[in-house]
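FYI, the numbering for the sequence shown is 11 to 133, going by the numbering used here. Heads up, the thing below is written out as structure tokens.
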Amino acid sequence: MKNRESGNRAVGTSEKRRAKDSNHQHLHLISTCTTPVQQNYIMSSDKSTDNPWNQETSQKFESKRPGEYFDPCQEAASRSLKCLARNGGDRDMCTDYFQAYRDCKKQWIEQRKESKKKAGWFA
11 MKNRESGNRA VGTSEKRRAK DSNHQHLHLI STCTTPVQQN YIMSSDKSTD
61 NPWNQETSQK FESKRPGEYF DPCQEAASRS LKCLARNGGD RDMCTDYFQA
111 YRDCKKQWIE QRKESKKKAG WFA
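Encoded structure:
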């Protein structure tokens, strides 16, 4: 593994990737034991994808013009496209980003259906 010096310690390939990805998703390093060898990376959820169908996005969607496109999960879509560009089109490197977009879209559609049910036929 190639290393470069960063201050007092060497920075390996996985650490470079983690630093690069930290601009696009919030990565937190959580040690599962006292040895530095075993470490898990957990991505914290982003505010914009926590609830794609909130009052603000609902209002934007309902007030858009008929031919206008609105995607409340656009931020997740942008992150996945940036990941592809960063990794030379390697889809395997971006599966987490794709899954985050699919999850956001699924949640948005389910919440939209639920809000239509609550509104009733003549609302």
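Every residue, glycine too, gets a C-beta built ideally from N, C-alpha and C. Keep in mind the model is a prediction, meaning the values are calculated, not measured.
Rounding to the nearest angstrom, what Cα-Cα distance links residue i and residue j in this structure?
i	j	result
Tyr-90	Gln-84	Checking the sequence shown, residue 90 turns out to be Ser, not Tyr. In a straight line, the C-alpha of Ser-90 is about 10 Å away from that of Gln-84.
Gln-69	Phe-80	11 Å
Cys-114	Ala-129	22 Å
Tyr-107	Thr-67	21 Å
Tyr-111	Ala-87	6 Å
Gly-99	Thr-105	12 Å
Lys-126	Pro-76	18 Å
Gln-109	Glu-72	26 Å
Arg-101	Gln-65	33 Å
Lys-74	Met-103	35 Å
Lys-116	Phe-132	26 Å
Glu-78	Glu-124	23 Å
- [ ] Would you check if the stretch 88-97 and the stretch 115-122 touch, i.e. whether three or more CB-CB distances between them fall below 8 Å?
- [x] As far as the Cβ criterion goes, the stretch 115-122 does not touch the stretch 88-97, which means the pair count is below three.
Task: Contiguous alpha helix (DSSP H) assignments of at least 4 residues, all confined to the stretch 71-128 - done: Those alpha helix (DSSP H) runs which fall completely within the stretch 71-128 and span 4+ residues are 84-96.
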